[in-house]
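Student:
Number of protein chains: 6
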Amino acid sequence: MREDRQNNEIREIKITPNYLDHPDGSVLIECGNTKVICTVMIENKVPLFLRGKNKGWLSCEYSMLPGSTPTRKVRDISRGKLDGRSSEISRLIGRSLRACIDLDKIGERTIWIDCDVISADGGTRTTSITGSYIALEIAIKKYLKDKKIEENPLICKVGAISVGKVGGINLVDLDFKEDSNADVDLNVVMNDNFEIIEIQGTGERDTFSIDELNKFLEDAKVGISDIFKYYEIVEDYI
Amino acid sequence: MREDRQNNEIREIKITPNYLDHPDGSVLIECGNTKVICTVMIENKVPLFLRGKNKGWLSCEYSMLPGSTPTRKVRDISRGKLDGRSSEISRLIGRSLRACIDLDKIGERTIWIDCDVISADGGTRTTSITGSYIALEIAIKKYLKDKKIEENPLICKVGAISVGKVGGINLVDLDFKEDSNADVDLNVVMNDNFEIIEIQGTGERDTFSIDELNKFLEDAKVGISDIFKYYEIVEDYI
Amino acid sequence: MREDRQNNEIREIKITPNYLDHPDGSVLIECGNTKVICTVMIENKVPLFLRGKNKGWLSCEYSMLPGSTPTRKVRDISRGKLDGRSSEISRLIGRSLRACIDLDKIGERTIWIDCDVISADGGTRTTSITGSYIALEIAIKKYLKDKKIEENPLICKVGAISVGKVGGINLVDLDFKEDSNADVDLNVVMNDNFEIIEIQGTGERDTFSIDELNKFLEDAKVGISDIFKYYEIVEDYI
Amino acid sequence: MREDRQNNEIREIKITPNYLDHPDGSVLIECGNTKVICTVMIENKVPLFLRGKNKGWLSCEYSMLPGSTPTRKVRDISRGKLDGRSSEISRLIGRSLRACIDLDKIGERTIWIDCDVISADGGTRTTSITGSYIALEIAIKKYLKDKKIEENPLICKVGAISVGKVGGINLVDLDFKEDSNADVDLNVVMNDNFEIIEIQGTGERDTFSIDELNKFLEDAKVGISDIFKYYEIVEDYI
Amino acid sequence: MREDRQNNEIREIKITPNYLDHPDGSVLIECGNTKVICTVMIENKVPLFLRGKNKGWLSCEYSMLPGSTPTRKVRDISRGKLDGRSSEISRLIGRSLRACIDLDKIGERTIWIDCDVISADGGTRTTSITGSYIALEIAIKKYLKDKKIEENPLICKVGAISVGKVGGINLVDLDFKEDSNADVDLNVVMNDNFEIIEIQGTGERDTFSIDELNKFLEDAKVGISDIFKYYEIVEDYI
Amino acid sequence: MREDRQNNEIREIKITPNYLDHPDGSVLIECGNTKVICTVMIENKVPLFLRGKNKGWLSCEYSMLPGSTPTRKVRDISRGKLDGRSSEISRLIGRSLRACIDLDKIGERTIWIDCDVISADGGTRTTSITGSYIALEIAIKKYLKDKKIEENPLICKVGAISVGKVGGINLVDLDFKEDSNADVDLNVVMNDNFEIIEIQGTGERDTFSIDELNKFLEDAKVGISDIFKYYEIVEDYI
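Right under this line is the structure:
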């Protein structure tokens, strides 16, 4: 049905590791026309409730630049409140990344992950998770190399993909146009054993059965395995 | 393993329909020690982007009273910003309820759903969805009876339950203590055909396989079918 | 003039002590169709300006749920600012309750009082004061019993009532409809010696003489003495 | 007991009418060391809920400059929220001034009253009410003279004073030092028939009987009659 | 061209030193019909980033009262955000004043400068800088006299003036009407050696050459030298 | 003195025109290690105060991504208020760009310019102005080509550069390290006739004479002429 790729085929991904100077880890990740800057900055302190417990924390913020969407996205500070969708996605990314790291091994530090969408064409949240993981791995390897932390706190790799049903057909890695027409929309985050870290599915326009869910998950698995292939490519740069 | 109920058994639910005077629909729903007031108020206008399109809108807000949690929950307005978790749950409830109603059939009206947690002991979001559905049904029936709308816009019933894994054992309808110790936490929203409206699962402390997900879903199905039984009881009051 | 009660008669009050699980003290208080949840939570710290002075603090917040009023009450956080009326009432309740307690006897603790109006039918501020006092007494007795504090810090009981002039006739405990038509509106807070703790009177539509004020106060005294009768009933539960 | 004035004597008042260029009415009012700028600006529109009803509105805002208090008063915008005390006083002033004007006679206009405390030495709210009344009278007379309104909407004059009990002695027009030591603090707003417009009394440190209240009110009456004397003096300037 | 003064002549200035009781230094400065209250309050603490460094800090806030402008200026807290223009001017005044003081000589203290415009008729920012300098000198001399600081931290005097081009003619110290018609608008802050501390020029409606800039600066120099003459007059009061 | 470039030499600039899909005009501009995304989005409406006047508006917002600075830059929405420095720079860019366009020729449209700093190494405001101009020219040419506007509203080209004095030596286009050590810091915005649009100079650590200012301006002129050379290169892409 799709013109330029198979229904279960992800868009081409381009990853520019170490994209910025200041963060401990950073990538520009492009998935089709979706572009996200993911940065990881590690701060030598933890929130009040964790002080003195020799544990770390990881927090994530997702946001969209005004020029990232077809109609200008008004900045949160101009509206005077955090965008609800951004807040929801920030929490999703945070949970997904916390699943891959043992925060007891990073000392009293906070890992700040920022995902800023530069151009949105569907899949910004899954692209952000994938990009954040790579930026995090870069930052952690730097910390290990610099002996700022002793033991590798990373537990697994993390990848994410969207799947959905559009006009009765299951699609993987939906672009904006497809996403706007989707009856079912599912975001799946998995580790490199293809176990589920997060699953978030919505049938706002159409419900779906457990059987259908399983088909979506099979597709997601394939998509995420394709994403993991890109990790190997960038490994040397990390 | 549980002392007072089976692992796949939901807590006792108590529903007080028409709990308040002013809203078009309202219930006090108690699920174990979790208590939520759900109200539905219908306003004769729609947001700007919908004006003149002869369609309605449905919006939801979830919040917790300061005394609902073991440690006092600081009000959003005192913190100066909307709680991220509340925002995420508000969006979840909104999507779930929009799935059961045809907004083309309510005219240019906004349905406001408010879920205010009075006492929290786990499962506040699923209890809110269940309570909101009943309050919505009450409001819609009143509108039909008063001939403010002509055709029933409700498409299906909606029920929600949490399932999770605690200490290696799958549990349905987790209370706060169980939820705090859960390795996997899954919230499922289904219609009365047991099709999925929303699924949201997190393996923050432990990932889970697709097989495990299917077991969780079977449990969820049982739990939600138990919830639907309560709907029959209140039907007369509606 | 009134159909169902005397002009100087208060509405029936229903008090549900220990209404919630988490707070140190809580009541659901219903005064006619006005319903308020009052909770007391005691925190083991004081504001910065009191630290190290071995004194406590008492702070109060009053708010209305969206479904408590005929037209949906927009949440403060959605409007981005604290409702002026709520702020004024919060301060009134705080002053009233501070008058009945010796904060030197509670150690370096903050007593948080929250009054959340669930259904509004006039007299929400006076009902809140009455309900808060009972919740406070419950919390203090619990603290005394648990030997968290040694000496009873309560100085007196506190009760509150509204009086007003509607169509030339003095009324006690006005409901919403009466309140909306009142030319004079007076809220009186007294202790159990019927001495005044707070008096707040407004003649927005009609001024009143000192003589009239004295008549209002006589009525208030009767009303508050009726309120104190309910305290005896709940004493055992406390 | 007081060194420089009788217990029931008000401080010297200095009124500079037409203090500013832009407002329709303005005064600098100095009551002892308390200085307040009161301005009245009339806008040719009303809030949404009044449109098309041929009625006016009156709104008031009270604020303190950072340099008005012994310790610098942080601006509301820096704290991110409206000061609760300022909000309460704004509402008091608004109610007091609305009592003296028939808003049906000003057309669809909003009267904005702003009271900005430049220097605070007790009695800022009563000084603000007094100053606002004079500024309002100036603005109204200007509007009458310019034939922008036809009929005088002013119903009565308004004056305000504080009375209190300090160390067992009743005092009128308390300065900051007296106010800080007051056991009882009462603010009274009266019209020129010495009828009560607003009464607000607090016995935070000590309750008071109805008899005592009556004594306070007698003192207030004397104080307010002294204030009205100043109105005659400025009449020519208006 | 001007009716009542030469093109390079400043408006008459009136300075009331020690205008308020509470601040360490204060002036009411009137420049034509522009009136600003400038206060200096010194606090015995510094922002977090300076603690323990034995250095001071100076911070400035500029704001306009609602009645200072022809159309009522809505308060920042009502709009929910700091006015961009006020923020820009606050920063300008802060930089200008920091240029005249050695903050290493004031100990761990913060100097708060507040400029509140009471009446605006052009030149509020330059009037604020001039007034702030005088208030600062007053506060510093008081601190030196009281031996709270040992060495005079003031490095130079500071004065400011606006110059501009209106209808092809260069003018000094523009009033509001002139400023509204200016093609070029330049604000210049100088010390008493006529060296530049701040220069801020805008050619929004017309650009200007470097030669023209030099002519503006010559005018500014004359204007500022006239301003410094007023400093001598108030010296005794300081 | 500089190692890798002359004192009056600007850093290498890299401009990627049409960097993003959605905006009407966009560039990624890199000036040394400073990287800014500049976007121009044109909206078919104007602010309220301009409606019906057949004129357009141009508004600008400048912001820094969290990962753009050595220490993570907390987002404005998390701090709850707009960063003062960002606000000041937004206004500077807005004024600079308004100087090059005749808003009477764009119809009732708002031109939104957004400058988001991705990586900061000094000169972010001047780089933003330069980048914004190019993005604006792209957008305008597109509008002319699409015949959405008839006449070219652009009046001149705009370029900007910083100059400063570091350790007694004048430098052009300061990087972050140089900027941090600058005694004098001057930002100059010029058109392609080298007339001044904006000049903003600060001598926070050291004042400067009019003669010195003229030397800075000569340097700025050279720097800006070098910047204009890059405009030719990108002309074809526009």
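Residue numbers (my numbering), protein chains in the order written: chain A, 1 to 238; chain B, 1001 to 1238; chain C, 2001 to 2238; chain D, 3001 to 3238; chain E, 4001 to 4238; chain F, 5001 to 5238.
We put the beta carbon where it would ideally sit given N, CA and C, even for glycine.
Quantities reported herein were computed from a predicted structural model and do not represent experimental measurements.
1. Between the region 3030-3040 of chain D and the region 3121-3135 of chain D, can you find at least three pairs of beta-carbon atoms closer than 8 Å?
2. Which residues, in chain order, does the region 5060-5091 of chain F contribute to contact with chain E at a C-beta distance below 8 Å?
3. Could you check if B:ASN1187 is buried or exposed, using at least 16 other CB atoms within 10 Å of its CB as the buried criterion?
4. What residue range is occupied by the uninterrupted alpha helix (DSSP H) comprising E:ASP4211?
5. Quick check on this structure: which residue in E:GLU4088, E:SER4078 and E:ASN4214 has the alpha carbon closest to the alpha carbon of D:SER3086?
6. Specify whether the region 4148-4163 of chain E and the region 4212-4230 of chain E touch according to this definition: at least 3 beta carbon pairs, one from each stretch, less than 8 Å apart.
7. May I ask which residues mark the beginning and end of the beta strand (DSSP E) holding D:ASP3179?
8. Let's test the definition: count the other Cβ atoms within 10 Å of the Cβ of E:GLN4200 and tell me whether it reaches 16, buried, or not, exposed.
9. By the criterion of Cβ-Cβ separation under 8 Å, what are the contact partners of E:TRP4112 in chain D?
10. Got a sec: is the Cβ-Cβ distance from C:GLN2006 to anything in chain D below 7 Å?
11. State the beta-bridge partners of E:ASN4187 as determined by DSSP.
12. Quick one: is F:THR5124 near chain I, going by C-beta distance under 7 Å?
13. Going by DSSP in three states, C:PRO2023 sits in which element: helix, strand or coil?
14. Jot down the residue ranges of each uninterrupted beta strand (DSSP E) in the region 3127-3164 of chain D, minimum 3 residues, whole runs only, in chain order.
15. State the Cα-Cα distance for the pair A:GLU137 and A:VAL27, rounded to the nearest angstrom.
16. Could you work out which residue in B:ARG1075, B:LEU1171 and B:GLY1056 is closest to B:ASN1181 when comparing CA atoms only?
17. Could you give the residue range of the alpha helix (DSSP H) that holds F:ILE5088?
18. For D:LEU3020, I'd like the list of residues in its chain whose CB is within less than 8 Å of its CB, leaving aside the five on either flank, ordered along the chain.
19. Within this structure, are the beta carbons of C:ILE2149 and C:TYR2143 separated by less than 7 Å?
20. What does a CB cutoff of less than 7 Å around F:SER5068 pick up in its chain, not counting 5 residues either side in sequence?
21. With 16 other CB atoms within 10 Å as the buried threshold, where does A:GLU235 fall?
22. Out of A:GLU195, A:GLU9, A:ARG11 and A:PRO17, point me to the one whose CA is closest to A:CYS100's CA.
23. Expressed to the nearest angstrom, what Euclidean distance is found between the alpha-carbon atoms of C:ASP2175 and A:SER90?
24. Closest by CA to A:TYR62, which one among F:ARG5075, F:LYS5045, F:LYS5105 and F:ARG5098?
25. Run down chain F in chain order and give the residues with a C-beta less than 9 Å from the C-beta of E:SER4209.
26. Please name the residue in A:GLY131, A:LYS53 and A:LEU92 whose C-alpha comes closest to that of A:LYS105.
27. Output yes or no for whether 7 Å exceeds the beta carbon distance between B:PRO1153 and B:ASP1102.
28. Run the CB neighbour count on C:LYS2229, radius 10 Å, all protein chains shown included, and call it buried at 16 or more, exposed below.
29. With a threshold of 7 Å between beta-carbons, can D:LEU3020 be considered close to chain E, or not?
30. Closer than 8 Å by C-beta to E:ILE4113: which residues in its own chain qualify, once you throw out the five before and the five after it? Chain order, please.
31. When DSSP labels each residue in this structure, what does A:LEU65 get in the three-state scheme?
32. Got a sec? Which residues, its chain only, sit under 7 Å from F:VAL5189 by beta carbon, not counting five neighbours each side?
33. Pick from C:LEU2048, C:ALA2139 and C:GLY2032: whose alpha carbon is nearest that of C:ASP2004?
34. Taking the continuous alpha helix (DSSP H) assigned at B:ASP1076, which residues delimit it?
35. So the beta strand (DSSP E) C:ILE2169 belongs to, where does it begin and stop?
Tutor: Well, looking at it:
1. yes
2. LYS5081, LEU5082, GLY5084, ARG5085, SER5087, GLU5088, SER5090 and ARG5091
3. The sequence position of residue 1187 of chain B within the second sequence is 187, counting from 1. So B:ASN1187 counts as buried.
4. The residue given as residue 4211 of chain E occupies position 211 in the fifth sequence. Where E:ASP4211 is concerned, the enclosing alpha helix (DSSP H) stretches over 4210-4235.
5. By one-based count along the fourth sequence, residue 3086 of chain D stands at place 86. Answer by Cα proximity: E:SER4078.
6. yes
7. By one-based count along the fourth sequence, residue 3179 of chain D stands at place 179. From DSSP, D:ASP3179 is part of no beta strand (DSSP E) but of the alpha helix (DSSP H) over 3176-3180.
8. The residue you call residue 4200 of chain E lines up with position 200 of the fifth sequence. By the 10 Å Cβ count, E:GLN4200 comes out buried.
9. By 1-based counting over the fifth sequence, the position of residue 4112 of chain E is 112. In chain order: PRO3066 and ARG3072.
10. Here residue 2006 of chain C corresponds to residue number 6 of the third sequence, with the count starting at 1. So no, C:GLN2006 is outside the interface.
11. Reading the fifth sequence from its first residue, position 187 is the one you call residue 4187 of chain E. Answer is E:SER4162 and E:GLN4200, bridged to E:ASN4187.
12. Among the chains of the structure shown, chain I does not appear; the protein chains present are A, B, C, D, E and F.
13. Residue numbering aside, residue 2023 of chain C sits at position 23 when the third sequence is read from its first letter. Correct three-state label for C:PRO2023: coil.
14. none
15. Here residue 137 of chain A is taken as the residue at index 137 of the first sequence, counted from 1. Here residue 27 of chain A is taken as the residue at index 27 of the first sequence, counted from 1. Their backbone Cα atoms lie some 11 Å apart in a straight line.
16. Here residue 1181 of chain B refers to the residue found at position 181 of the second sequence. Nearest C-alpha to B:ASN1181: B:LEU1171.
17. Looking up residue 5088 of chain F in the sixth sequence gives position 88. The displayed chain sequence assigns Glu, not Ile, to residue 5088 of chain F. Segment 5084-5098, the alpha helix (DSSP H) holding F:GLU5088.
18. Here the question's residue 3020 of chain D lines up with position 20 in the fourth sequence. So the list reads SER3026, ILE3037 and THR3039, once near-sequence residues are dropped.
19. Here residue 2149 of chain C refers to the residue found at position 149 when the third sequence is read from its first residue. Here residue 2143 of chain C refers to the residue found at position 143 when the third sequence is read from its first residue. In contact: C:ILE2149 and C:TYR2143 (Cβ atoms closer than 7 Å).
20. On the sixth sequence, residue 5068 of chain F is found 68 positions in, with the first residue counted as 1. VAL5117, ILE5118, SER5119 and ALA5120, listed in sequence order.
21. Along the first sequence, one-based indexing puts residue 235 of chain A at 235. Counting of Cβ neighbours within 10 angstroms places A:GLU235 among the exposed residues, the total staying below 16.
22. Position 100 of the first sequence holds residue 100 of chain A. The residue with the shortest Cα to Cα distance from A:CYS100 is A:GLU195.
23. Against the third sequence, residue 2175 of chain C aligns to sequence position 175. Against the first sequence, residue 90 of chain A aligns to sequence position 90. Approximately 46 Å between the Cα atoms of the pair.
24. The count along the first sequence starts at 1 and reaches residue 62 of chain A at position 62. The option with the nearest alpha carbon to A:TYR62 is F:ARG5075.
25. For the purposes of this step, residue 4209 of chain E is identified with residue 209 of the fifth sequence, where counting begins at 1. Near E:SER4209 (Cβ distances below 9 Å), the residues of chain F are ASN5193, PHE5194, GLU5195 and ILE5196.
26. Within the first sequence, the letter at position 105 stands for residue 105 of chain A. Ranking the options by Cα distance to A:LYS105, first place goes to A:LYS53.
27. What you label residue 1153 of chain B is simply residue 153 of the second sequence in a count that begins at 1. What you label residue 1102 of chain B is simply residue 102 of the second sequence in a count that begins at 1. Their beta carbons are under 7 Å apart, which means B:PRO1153 touches B:ASP1102 by this criterion.
28. Counted from its first residue, the third sequence places residue 2229 of chain C at position 229. Flag for C:LYS2229 reads exposed.
29. Numbered from 1 along the fourth sequence, position 20 holds the residue referred to as residue 3020 of chain D. The C-beta of D:LEU3020 comes closer than 7 Å to at least one C-beta of chain E.
30. On the fifth sequence, residue 4113 of chain E is found 113 positions in, with the first residue counted as 1. Once the five neighbours on either side are set aside, the close Cβ partners of E:ILE4113 are CYS4038, THR4039, VAL4040, LEU4058, SER4059, CYS4060, GLU4061, ILE4093, GLY4094, LEU4097, SER4132, ALA4135 and LEU4136.
31. Residue numbering aside, residue 65 of chain A sits at position 65 when the first sequence is read from its first letter. In this structure, A:LEU65 counts as coil in the three-state DSSP scheme.
32. As a working note, residue 5189 of chain F is residue 189 in the sixth sequence. Excluding residues within five positions, the ones whose Cβ falls inside 7 Å are SER5096, ILE5129, VAL5158, ALA5160, ILE5197 and GLU5198.
33. For the purposes of this step, residue 2004 of chain C is identified with residue 4 of the third sequence, where counting begins at 1. Selected option, being the one with the closest Cα: C:GLY2032.
34. In the second sequence, counting from the first residue as 1, residue 1076 of chain B sits at position 76. Unbroken alpha helix (DSSP H) run through B:ASP1076: 1076-1079.
35. Residue numbering aside, residue 2169 of chain C sits at position 169 when the third sequence is read from its first letter. Where C:ILE2169 is concerned, the enclosing beta strand (DSSP E) stretches over 2169-2172.
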